[in-house]
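Please read the structure below before turning to the comments.
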Amino acid sequence: MKRAVIYYSLDGNTKEAAQKIAEALGAALIELETEKPMPSGKASRILYGGMLSTMNQTPALKPLSADPANFDEIILGTPVWAWKIAAPVRSFLTKYAVDEKVTAVFTLSGGADDTKCLEDLRHLLHHIRHTATLADRKSSFAEGNAVRLKKFIAALTE
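Residues in the sequence shown are numbered consecutively from 12, following our numbering.
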């Protein structure tokens, strides 16, 4: 089975988790990148990213390093922006017909509740069997990330 871990990461949190998952599974690693860069200031990025996600916007993406159609299974990673899916991940889901291929998702947040984000993902993706909610590595909630990530990877290898 050909697997890919496809993710978007702004500050490297989601990327770090995606790399660990892909390495453990022997999966391809595909990063989503927007054509227009996010603002450089932290406050500007939070406001802009939150607005994009709240309004269900789909910013243009750069071409992917591999075609998602070439994979049997996709593990999708997204930061949580304003309790929602990061806008670039929404762009990916809008552009590519991957609903049946996405069987697992992982989210990263600053410690807030990921429930709404997971609900959005389940609404868009009907074949999710596994989820992991992780916290920003700077958050006090991050101390449980290693255990949650290990359980997620174990579930994916069963």
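Quick reminder that beta carbons are idealized off the backbone N, C-alpha and C, glycines included.
Just confirm the distance between the C-beta atoms of Met66 and Leu21, as a whole number of angstroms; I'd bet it's less than 8 Å.
-> Contact between Met66 and Leu21 is ruled out by a C-beta separation of about 18 Å, above the 8 Å threshold.
Cβ pair Ile32, Ser76 closer than 7 Å | no
Can you check DSSP and say which residues form a bridge with Phe117?
-> Gly88 and Ala143
Could you say if the stretch 73–90 and the stretch 103–122 meet the contact criterion of at least three C-beta pairs nearer than 8 Å?
-> yes
In the structure shown, what three-state DSSP assignment does Glu44 receive?
-> coil
Assigned exposure category for Thr144 - 16 Cβ within 10 Å defines buried = Under this definition Thr144 is a buried residue.
Can you tell which of Pro70, Ala38 and Ala29 has its C-alpha closest to the C-alpha of Lys47?
-> Pro70
So which of Tyr18, Arg14 and Met12 has the shortest CA-CA distance to Arg101?
-> The shortest Cα separation from Arg101 among Tyr18, Arg14 and Met12 belongs to Tyr18.
Grab the span of the alpha helix (DSSP H) containing Ala97 for me, first residue to last.
-> Element bounds for Ala97: n/a, residue is neither H nor E.
What residues match up with Ala15 in a beta bridge as DSSP calls it?
-> Ala39 and Ile85
Just reading off the alpha helix (DSSP H) that Lys162 is part of, what are its end residues?
-> Residues Asn156 to Thr168.
Is it true that the CB of Pro90 sits closer than 7 Å to the CB of Thr142?
-> no
What is the rounded straight-line gap between the Cα of Ala28 and the Cα of Leu72?
-> 21 Å
Run of the alpha helix (DSSP H) containing Leu129, from where it starts to where it stops = Thr126 to Leu135 is the extent of the alpha helix (DSSP H) around Leu129.
Same chain, Cβ closer than 7 Å to Glu34, neighbours up to 5 away in sequence not counted | none
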